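Below: one structure, written as structure tokens.
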Amino acid sequence: MKSFIGWFEYFGTNEYFCYINFVNGKQLVIAIPGTYALPLAILAIVNVWIWQYVRLRLRRTPLMITLTTQRRLPHIKRDIEMLRRTMIPVCILILHGLPGLGFVIAATIQANGIIYYLGYRLTFFSVSLSMIIMPIVIIQLTPKIKAVVFL
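When you number the sequence shown by the numbering used here, it's gap-free, plus one each residue, and the end is 151.
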């Protein structure tokens, strides 16, 4: 834990927040996978499992609609709806993480220690926007919560 203490830097009198410097490569190599890549990988694996399960159920369904297929159809529709309810928030989170990732890539390519002067502010703005949008999206995607909120 002692090795992580000096990673966060105070950016002076004009900047009133502490953040990992985009230019420091050692910090970024550990921070990006821990905060961005690992959660996305876990979400991607879960969604791939759900997608394969739904495809397996659809593949077992014959072309002619039989009684068993008619009984299975609500379950298949439920699985597809569940997949949609997970993919939309994941896509929103990915889109809101892209500005920060773009600034990290730009700082790495330039490698001169100069960061775009609004880089940190735009990164924090996209995170704040994500925190505002995600509950609204989750309320809209979940019928029971939507019924309670919009009485």
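For every residue, glycine included, the Cβ atom is placed at its ideal position computed from N, Cα and C.
In this text the structure is predicted, and so the values were computed from the model without any measurement.
Note on G100: 16 or more other CB atoms within 10 angstroms of its CB, so buried under the neighbour-count rule. Secondary structure at L118: coil, using DSSP grouped into helix, strand and coil. In the three-state reduction of the DSSP assignment, F125 falls in the helix class. D79 and V54 have their C-alpha atoms roughly 6 Å apart. Of the candidates I132, I105, L93, the residue whose Cα lies closest to the Cα of A44 is L93. Nearest neighbour of L95 by Cα position, chosen from L129, P143, K144, turns out to be L129. Distance check between V137 and each of Q27, V90, G34, G119 places V90 closest, using alpha-carbon atoms only. For G25, the uninterrupted alpha helix (DSSP H) segment begins and ends at 25 to 32.
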